[in-house]
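Residue numbers (our numbering): 53 to 883. Here the structure is laid out as structure tokens; the discussion comes afterwards.
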């Protein structure tokens, strides 16, 4: 149809000529929506941290679009067992999502071409398909990352682009375009939906309840095109068999399209359907069929591969081809897909009872947990009477109750599930994701049938209480996850804030006698001064948002330390530097940046690793490292910083090992049987005992084909371990329980400190809560240390093997890092 403008006519840039930017794609698609009766804009469903809008579109026949609201309303009826709906009269809904990873841009760059073709086509077969399908068109899921990569590749190519894989165009700097603004992998954010892009697309998914969801990606340049099904042995056990049957049927249409052009592809290997938090797996537990596409990446204009020169236009053409074959498949299988979706909900097994969960003293953490559940359309209720279950008492008013008998019971099950046995020991992503453990909630593992509940409000009640007056000062409950942000604001305002290093009972003007634990904050007036009004305003605002703040009635306490005790340590404003850039992990540093910037509302200085030696560390209180920096002079520089009172947070096994090797800290490791064998072999060789070394210490011969599986057995790809936390240690302040669930991704295990007081987190003697871990690794993990503190001069080195804020949703352990930032001056080792 010549009346429909082509991409170049609107933007002046041909598809594939260079990498398109977010604003160019949006501009063109909005132009198409104005010009074509087959496309309508659904409006903005999210805005990225970088301020880029995410807009989705509906594409179908004009007749279907005229009834769009009607069809949208029918989506809810399809999953309602009591609704009377004639499925044959409904179109299938196809959700097409492109480039959740910004440096996998062929998907997003294909969308102008796909949309143009659908708007301008006169092909009767395709027009017939559009009569049976409504496409929800999501042209890019990660606009910040997409533009970051477009800026990189467009700026590093000349008029004669280099096809050498070593060229700068093909080797991005860190952070690269894969991630979002805060360097998170948005394709791992479906489950926790911590970021605005994810929250928007999740709402869109549940609004339209698609029958098929497409997830367009790129992979290594030397591969061939991939489409689902994935490796059968690594399918999630909750995924219905019919889902995989339909996936295979859809795959037949892709095979026809690619075979017709002589383009090689593969299926059923490499990728899986196990972790239910990715774009192609999440829908499988909602009656939708998720499909993953992986196009070999040119990572720029053109690149040499084992298959020949791979160009960006060719990459785009394959994503275009897969888009059209998906429409054809969805139209042809419409009745099967609609029936499957309805049966998924009407024929599910009904279960009785409730899961219970609470977060003692931390309503903020529990509210975030509820927000995540509701984002998945999971119903949550409030407990109205105390219940004792599984040896724990759950209190009314502090406990949520999640009914098992609800439409989204299947996804609730995967969030609550603990799995220790697996058909496969190889995982494309993590092996477990038990949500109540991520939040370190006190919860029931099984259903409770005697709980009394009521509907839970979907909004936070406004607290109109006034901040009481006190000449003594104010006590702030550190257990609440909202307290750290307030503490930073108070310190920045110059307030006199102290922290309790022992528990006590205080008299308050608002609640009478109140028990307070380790880490309680005490805001007191300075000598011969009153608390400034701006500081009181900060307290009042925090209290109005639900934070527990108590005006003290007296410095005398009925029990424990008095408010004038030297056991209240004065706190100072932290100034934190984090090492980023070359050689570091964008994921690890991004998690910490997001925590400080978004949750603590405090600034963070980020310094590239290759500049660290030129920075005066005297200006900072803390240095955070998630990756070793093996540059000349850095270890000496850090040693001086620490001895003068600085705090080094060394996170990750490689960083901990580097800190120990550099003489900054002491860490000893547990050895595997293979490591012991190698050590013994080396000793035997050094002693000249060749007979022993050859006969007894060499490894047994094994088949070559088993090597990858043998190696996989040794890995820890995301498991949950039970830690025992010293809540009297400054790093344990604010925790209500010694039980702490820690997310583990390394197979190195550290011994506790020689100082009996300096291992605040030690794993239990049977630590595996959920996930895959070999028997040998479980033995090594038992009673090993997760967190060790070394005092060095006036400062300290904190050795943390694990990420304390994994993917921004491991709220249960993020307080460890927060405590390290605010209470670093309290880390002197007892003698």
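The C-beta atom is built at its ideal place from N, Cα and C for all residues, glycine as well. All values reported here derive from a predicted model rather than from experimental measurement.
Taking the beta strand (DSSP E) that residue i belongs to, which residues open and close that run?
i: residue 305; result: That residue, residue 305, is in no beta strand (DSSP E); its alpha helix (DSSP H) goes 293-312.
i: residue 147; result: 144-150
i: residue 567; result: 564-568
i: residue 847; result: 847-852
i: residue 258; result: No beta strand (DSSP E) holds residue 258; the alpha helix (DSSP H) holding it covers 248-260.
i: residue 660; result: 657-660
i: residue 620; result: 620-622
i: residue 532; result: Looking at the DSSP string, residue 532 is not in any beta strand (DSSP E), and its letter there is neither H nor E.
i: residue 410; result: 406-410
i: residue 355; result: 354-357
i: residue 441; result: 439-441
i: residue 279; result: 277-279
If we call anything under 8 Å between Cβ atoms a contact, is residue i one with residue j?
i: residue 367; j: residue 347; result: yes
i: residue 777; j: residue 786; result: no
i: residue 361; j: residue 477; result: no
i: residue 434; j: residue 453; result: yes
i: residue 768; j: residue 677; result: no
i: residue 223; j: residue 279; result: no
i: residue 252; j: residue 97; result: yes
i: residue 404; j: residue 411; result: no
i: residue 371; j: residue 158; result: yes
i: residue 287; j: residue 326; result: yes
i: residue 9; j: residue 340; result: There is no way to answer for residue 9, as the model of the chain reaches only from 53 to 883.
i: residue 837; j: residue 804; result: yes
i: residue 560; j: residue 603; result: yes
i: residue 873; j: residue 702; result: no
i: residue 506; j: residue 436; result: yes
i: residue 389; j: residue 382; result: yes
i: residue 66; j: residue 57; result: no
Since residue i contacts residue j with CB under 8 Å, what's their CB separation in whole angstroms?
i: residue 190; j: residue 249; result: With 8 Å as the limit, residue 190 and residue 249 do not qualify as a contact, their Cβ atoms being about 10 Å apart.
i: residue 79; j: residue 182; result: Contact flag wrong, Cβ pair sits at about 24 Å.
i: residue 844; j: residue 644; result: Contact flag wrong, Cβ pair sits at about 22 Å.
i: residue 466; j: residue 337; result: 6 Å
i: residue 636; j: residue 226; result: 6 Å
i: residue 841; j: residue 879; result: 6 Å
i: residue 323; j: residue 480; result: 6 Å
i: residue 93; j: residue 82; result: 6 Å
i: residue 160; j: residue 198; result: 6 Å
i: residue 484; j: residue 865; result: Not confirmed; about 15 Å, so no contact.
i: residue 240; j: residue 329; result: 6 Å
i: residue 573; j: residue 530; result: 6 Å
i: residue 527; j: residue 568; result: 6 Å
i: residue 145; j: residue 260; result: 5 Å
i: residue 730; j: residue 671; result: Actually they do not touch by this definition, with Cβ atoms about 45 Å apart.
How far does the alpha helix (DSSP H) with residue i in it extend, from its first residue to its last?
i: residue 422; result: 415-427
i: residue 368; result: 364-384
i: residue 884; result: As displayed, the chain neither begins before 53 nor continues past 883, which places residue 884 out of reach and without an answer.
i: residue 521; result: Note, residue 521: premise wrong, no alpha helix (DSSP H); not H, not E.
i: residue 203; result: 195-207
i: residue 871; result: 866-874
i: residue 161; result: 158-172
i: residue 499; result: Note, residue 499: premise wrong, no alpha helix (DSSP H); not H, not E.
i: residue 641; result: 638-646
From the DSSP secondary-structure annotation, give me the bridge partner or partners of residue i.
i: residue 433; result: 453, 507
i: residue 392; result: For residue 392, which the question treats as bridged, DSSP gives no partner whatsoever.
i: residue 347; result: 270
i: residue 843; result: 848
i: residue 108; result: 95
i: residue 629; result: 657, 675
i: residue 360; result: 357
i: residue 478; result: Paired residue(s): none; residue 478 is not in a bridge.
i: residue 613; result: Paired residues: none, contrary to the question.
i: residue 186; result: 145
i: residue 445; result: 440
i: residue 287; result: 325
With a threshold of 8 Å between beta-carbons, can residue i be considered close to chain B, or not?
i: residue 528; result: No chain B is present in this structure, which holds just one protein chain.
Item to complete: Could I get the ranges of all uninterrupted beta strand (DSSP E) runs contained in the region 757-836, with 3 residues as the minimum, in chain order?
Response: 771-777, 791-796, 813-822
Worksheet entry | Whole alpha helix (DSSP H) elements within the region 548-609, 4-residue minimum | The DSSP assignment places complete alpha helix (DSSP H) segments of no fewer than 4 residues inside the region 548-609 at 585-596, in order along the chain.
Worksheet entry | beta strand (DSSP E) runs contained entirely in the region 679-706, provided each spans 3 or more residues | 699-703
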